[in-house]
Amino acid sequence: MFVAVSVAGLTPVVAFLLIVFWMGFWQGSPGDPVVYTLKHYRELFADASTYRTLLNTLGFASTSVVVSLFFAVPTAWLVERTDVPGKNLIFALVTIGALVPTFFTSMGWVFLLHPRIGIINKFLMDWLDLETAPFNIASLAGMGWVEGLGLSSIAFIMIVATYRTMDPALEEAARVHGLGIFRTLRYVTLPLTFPGILAAAIYIFTIGLSAFEVPAIIGMSNKIFTFSTFIFYKIQPQEELPSYGMAGAVSSLLVVLALLLSWGYFRTLRFSHRYAVVTGKGYRPRLVELGKKGWLLAWLFLGCYFVVAKLLPFLLLIWASLLRFFQPPSWAALEQVSLKNFYGLPWNLLLHGAWNTVLLMLAVPTLTLILCLAISWTVLRSGLKWRLMFDAVAFLPHAVPHLILAIAAVFASLFLLRNVFPLYGSLTILIIVYTISRISFATRIINNSLAQIHPELEEAAFVGGLPLLQVMRKILLPLLKPALVYAWLWMALLCFRELTMASVLVTSQGNVTLPMIVWGLWLGGSLNQAAAANLVVLAFMLPAVILYLYFGRRSRFTEAL
Amino acid sequence: MISITGLRKNFQSGDHDVAALGGIDLEIGKGEFFVLLGPSGSGKTTLLRSVAGLEKPDSGEISLNGKIVFSSSRRISEPPEARAIGMVFQSYAIWPHLTVAENIGLVLTHGRLRLNKSEAQARIRHALSLVQLDDFENRPARLLSGGQQQRVALARALAVNPALLLMDEPLSNLDARLREEVRANIKKLVSQLGITVLYVTHDQVEAMVLADRIAVMAHGEILQIGNPFELYRAPANSLVAEFFGSINWLRGRMLDGGRVETEIGTLVIAAPWQYEGNVILGVRPEDVKLAQTSAETENRLEGTVLATTFLGDQVTIEVKIKDKSLIVKALPDDAKPVGEVSVQLPKEKIVVFPETVAERSLDYK
Numbered sequence: 034m035f036v037a038v039s040v041a042g043l044t045p046v047v048a049f050l051l052i053v054f055w056m057g058f059w060q061g062s063p064g065d066p067v068v069y070t071l072k073h074y075r076e077l078f079a080d081a082s083t084y085r086t087l088l089n090t091l092g093f094a095s096t097s098v099v100v101s102l103f104f105a106v107p108t109a110w111l112v113e114r115t116d117v118p119g120k121n122l123i124f125a126l127v128t129i130g131a132l133v134p135t136f137f138t139s140m141g142w143v144f145l146l147h148p149r150i151g152i153i154n155k156f157l158m159d160w161l162d163l164e165t166a167p168f169n170i171a172s173l174a175g176m177g178w179v180e181g182l183g184l185s186s187i188a189f190i191m192i193v194a195t196y197r198t199m200d201p202a203l204e205e206a207a208r209v210h211g212l213g214i215f216r217t218l219r220y221v222t223l224p225l226t227f228p229g230i231l232a233a234a235i236y237i238f239t240i241g242l243s244a245f246e247v248p249a250i251i252g253m254s255n256k257i258f259t260f261s262t263f264i265f266y267k268i269q270p271q272e273e274l275p276s277y278g279m280a281g282a283v284s285s286l287l288v289v290l291a292l293l294l295s296w297g298y299f300r301t302l303r304f305s306h307r308y309a310v311v312t313g314k315g316y317r318p319r320l321v322e323l324g325k326k327g328w329l330l331a332w333l334f335l336g337c338y339f340v341v342a343k344l345l346p347f348l349l350l351i352w353a354s355l356l357r358f359f360q361p362p363s364w365a366a367l368e369q370v371s372l373k374n375f376y377g378l379p380w381n382l383l384l385h386g387a388w389n390t391v392l393l394m395l396a397v398p399t400l401t402l403i404l405c406l407a408i409s410w411t412v413l414r415s416g417l418k419w420r421l422m423f424d425a426v427a428f429l430p431h432a433v434p435h436l437i438l439a440i441a442a443v444f445a446s447l448f449l450l451r452n453v454f455p456l457y458g459s460l461t462i463l464i465i466v467y468t469i470s471r472i473s474f475a476t477r478i479i480n481n482s483l484a485q486i487h488p489e490l491e492e493a494a495f496v497g498g499l500p501l502l503q504v505m506r507k508i509l510l511p512l513l514k515p516a517l518v519y520a521w522l523w524m525a526l527l528c529f530r531e532l533t534m535a536s537v538l539v540t541s542q543g544n545v546t547l548p549m550i551v552w553g554l555w556l557g558g559s560l561n562q563a564a565a566a567n568l569v570v571l572a573f574m575l576p577a578v579i580l581y582l583y584f585g586r587r588s589r590f591t592e593a594l
Numbered sequence: 217m218i219s220i221t222g223l224r225k226n227f228q229s230g231d232h233d234v235a236a237l238g239g240i241d242l243e244i245g246k247g248e249f250f251v252l253l254g255p256s257g258s259g260k261t262t263l264l265r266s267v268a269g270l271e272k273p274d275s276g277e278i279s280l281n282g283k284i285v286f287s288s289s290r291r292i293s294e295p296p297e298a299r300a301i302g303m304v305f306q307s308y309a310i311w312p313h314l315t316v317a318e319n320i321g322l323v324l325t326h327g328r329l330r331l332n333k334s335e336a337q338a339r340i341r342h343a344l345s346l347v348q349l350d351d352f353e354n355r356p357a358r359l360l361s362g363g364q365q366q367r368v369a370l371a372r373a374l375a376v377n378p379a380l381l382l383m384d385e386p387l388s389n390l391d392a393r394l395r396e397e398v399r400a401n402i403k404k405l406v407s408q409l410g411i412t413v414l415y416v417t418h419d420q421v422e423a424m425v426l427a428d429r430i431a432v433m434a435h436g437e438i439l440q441i442g443n444p445f446e447l448y449r450a451p452a453n454s455l456v457a458e459f460f461g462s463i464n465w466l467r468g469r470m471l472d473g474g475r476v477e478t479e480i481g482t483l484v485i486a487a488p489w490q491y492e493g494n495v496i497l498g499v500r501p502e503d504v505k506l507a508q509t510s511a512e513t514e515n516r517l518e519g520t521v522l523a524t525t526f527l528g529d530q531v532t533i534e535v536k537i538k539d540k541s542l543i544v545k546a547l548p549d550d551a552k553p554v555g556e557v558s559v560q561l562p563k564e565k566i567v568v569f570p571e572t573v574a575e576r577s578l579d580y581k
């Protein structure tokens, strides 16, 4: 029975992938007879804009890797290997940082660094008497900066895990035999953590390649396309007809690239595990004593990081939300401050979006967990010959860009299932695609927990005469409960901030979600209203975040990456 | 060589403090092989790591070679790299990203000595020949077996010519046969080189084979310091006695004239004790003699054989005397007694402690 559920959950994953590849050879619009063609690939490789987009994407993803590692590596080292005070606070701030929607910070950064309205630009131009703005957020560097800041939380969590699996005695052996702090870092710590950091870099790069929100919010209005926005543009163009064939061709290439990178990620990760030693010794490693001066420097760095990555965009959004037209803070501007933007929000739509979002928050994590319990059980306990296939397929939604999953679903609903099962523009399609996209995350969490439960615990119950479902209910579920609660909350929160998949799946007021409303306002040019809507969304999200912090365990997160 | 006074360290465990080191005083001489022996949680590793500078004690003083490296009152706490030591870790801590030669070379070229490449090369060769790994120079360290890693760790620690060699359970991850072999090698090597060794183990056989002197630790205190013979024959309390092999305990009450009334009869003890009250007597199974093999009549008792266990090199016999059963070890050719038997307890082999001390030996120092 569990096997059947797993198959039911994993079939769409494979189907979506096949649809994407199929789409690339396909021409026509709904209802027309199907024509197969290589036209899209020919056009794609002949078009100069393809190569520009490729370069854009690579530049954008590389910048985000550099930026995220620049903040994540020192922060992880400070937390794991020094006596810097306030570690719990750092952890909490970084983890919450991972939950702040990227479209949120992106908007904040536009207000900061836009060449025309960005307040830092204006300030510097006034102060230094410059003709042109010194910074431009609507550039590859600018977009990579914002994306990198957003991804630094994940990079941090991954690199912390690398430090944790390294035997601290390896560093102690260097210290004891006369290497000082910096030589130990240079010759022992860095080379040993290098594979782990490299794995994190590849992981971040993969996310950067298919990242949608930053390019959509900052890049698209300035005609800077990356693959994700390029694909989106093919599906929802402003003038011409949508070209699913072209989107399919680009998506296929991106999927292949992403799968290759994931393969590289696992290779590197395996290499880094070679260095991991489980000592089984309970002592805490000697922490590097930074001294008062070091603490000050460390917190200066951390402070800059938190201010730049989270606080500054947040303050700017608050400021923007209070103004009719965006302008830098001044006495004159202060007089115009009002709550008009909030009053003027489309509240009916917002409430409807909130209702949809809440439904998603409840349905998606629950469904995902049911599917993934079955998958994990099949992989780890069933003894089935094909069980490792299940594991590999369950990993696919992680490697395949989520935007592409969504496009495959839209395509399927429009062209294949239109008359059988009307999904297009419904909340159900959102639930299905969101659920599928979270399968990798949830299976890995449950796999890790289930692997720690000795099979004899279940066998004892079987021998005692309990049927499979009862064993699940009475033995496994209680033992897995902490992991399940954690995964549920985390996935619920991700539903709140999901814009990428919603951008193609939400096609009507009927299935609109909160992030889509914010984005809609932003695209429509009412930036200040979008800022206000953004704050409202965050306010809706807050109770869930508090629940997460209360129940969540940070260690579980590191296991899932 | 090492001089430790009043060393204290508390660990937070839940909501209360646990003393990992409860005021340790210790003097170790130059060239001495000194073993810290104790069960896990006794504070022996914390003490070793404090000497290395890997753990910072709360108070007290440590000096190495006459130089103070830690003093809470003078606010001195030298980092590990400033202390002239070599160390072998329990996990060996062999750097997996380097070759065997690089593992040793790194501490020579970038450690305290800062040797140049060619000087280092000669030292690497020498160190590897000491541990019989001459041909392993270019082997990636992560491909070594546990025993080989252990030897590289020892070569690395010796290569820097340390005044003091610290070893933290270096044999506990080896299998039993290899352990015996490596144990013998270590003993030969350090006595050749004449270095001072501070060695941590929980294995009393290992401690007795290697040590010039042993400090037995429990609950962050040193229970007794002495050479292996003293600790075995004259344990300071019942805990030390139990740590060094099995022992039969008898409850009793002191009478006059060196006699003790015990649960199996009145026994004579060797040391004239000026003590009135309840005592506890200990006698090791191998010291109890079966009457057939002894003509001695003092402390001779009659009993019944309950069980006999043949162990190859010896026989363990459980003898019931009154309501108490006594374990006796004998050679296998002493025949296997059945039924009635008489045993004899040589008085010079009996240890005696006041009962309060025996029961609460940790409060006694």
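Residue numbers (this note's numbering), protein chains in the order written: chain B, 34 to 594; chain H, 217 to 581. Positions of the beta carbon are idealized from the N, C-alpha and C atoms, including for glycine.
What does DSSP give as the partner residues of residue i in its beta bridges?
| i | result |
| --- | --- |
| residue 232 (chain H) | H:229 |
| residue 532 (chain H) | H:525, H:545 |
| residue 465 (chain H) | H:498 |
| residue 475 (chain H) | H:484 |
| residue 560 (chain H) | H:505, H:516 |
Start and end of the alpha helix (DSSP H) containing residue i?
| i | result |
| --- | --- |
| residue 382 (chain B) | 380-413 |
| residue 194 (chain H) | The shown model of chain H, from 217 to 581, leaves out residue 194 (chain H), and the question about it has no answer. |
| residue 266 (chain B) | 260-268 |
| residue 570 (chain H) | Note, residue 570 (chain H): premise wrong, no alpha helix (DSSP H); beta strand (DSSP E) at 567-570. |
Got a sec? Which residues, its chain only, sit under 6 Å from residue i by beta carbon, not counting five neighbours each side?
| i | result |
| --- | --- |
| residue 49 (chain B) | 438, 441 |
| residue 311 (chain B) | Unreliable placement is indicated for residue 311 (chain B), whose pLDDT of 49 sits below 50; the coordinate value is still reported in the next sentence. There are no such residues. |
| residue 502 (chain H) | 545 |
| residue 244 (chain B) | 180 |
| residue 60 (chain B) | 68, 70, 278 |
| residue 536 (chain H) | 519, 520, 522 |
Looking at residue j and residue i, is the spacing between their C-beta atoms short of 8 Å?
| i | j | result |
| --- | --- | --- |
| residue 374 (chain H) | residue 218 (chain H) | no |
| residue 364 (chain H) | residue 386 (chain H) | no |
| residue 397 (chain B) | residue 480 (chain B) | no |
| residue 320 (chain H) | residue 371 (chain H) | yes |
| residue 132 (chain B) | residue 168 (chain B) | no |
| residue 348 (chain B) | residue 123 (chain B) | no |
| residue 295 (chain H) | residue 327 (chain H) | no |
| residue 338 (chain H) | residue 325 (chain H) | no |
| residue 223 (chain H) | residue 278 (chain H) | yes |
Closest to residue i by C-alpha separation, out of the options, would be which residue?
| i | options | result |
| --- | --- | --- |
| residue 457 (chain B) | B:468, B:469, B:444 | B:444 |
| residue 115 (chain B) | B:340, B:551, B:332 | B:332 |
| residue 290 (chain B) | B:236, B:274, B:335 | B:236 |
| residue 299 (chain H) | H:407, H:520, H:244, H:382 | H:382 |
| residue 542 (chain H) | H:247, H:527, H:479 | H:479 |
With residue i as the anchor, note down where its beta strand (DSSP E) starts and where it stops.
| i | result |
| --- | --- |
| residue 587 (chain H) | Shown here, chain H extends from 217 to 581; a query on residue 587 (chain H) therefore has no answer. |
| residue 278 (chain H) | 275-280 |
| residue 287 (chain H) | 283-287 |
| residue 383 (chain H) | 380-384 |
| residue 485 (chain H) | That residue, residue 485 (chain H), is in no beta strand (DSSP E); it is neither H nor E in DSSP. |
Identify, in the order they occur along the chain, each residue of the same chain with its Cβ nearer than 7 Å to the Cβ of residue i, setting aside the five sequence neighbours on each side.
| i | result |
| --- | --- |
| residue 357 (chain B) | 369, 373, 561 |
| residue 18 (chain B) | The shown model of chain B, from 34 to 594, leaves out residue 18 (chain B), and the question about it has no answer. |
| residue 490 (chain B) | 508 |
| residue 434 (chain H) | 254, 255, 258, 455, 578 |
Going along the chain, which residues of its own chain have a beta-carbon closer than 8 Å to the beta-carbon of residue i, five neighbours each way excluded?
| i | result |
| --- | --- |
| residue 315 (chain B) | In this prediction, residue 315 (chain B) has a pLDDT of 48, which is less than 50 and means its spatial position is unreliable; what the coordinates show is noted afterwards. Excluding residues within five positions, none has a Cβ falling inside 8 Å. |
| residue 542 (chain B) | 382, 385 |
Between residue i and the ligand ADP, is there a pair consisting of the residue's CB and a ligand heavy atom that are separated by less than 7 Å?
| i | result |
| --- | --- |
| residue 140 (chain B) | The ligand ADP is absent from the structure shown, which contains no ligand whatsoever. |
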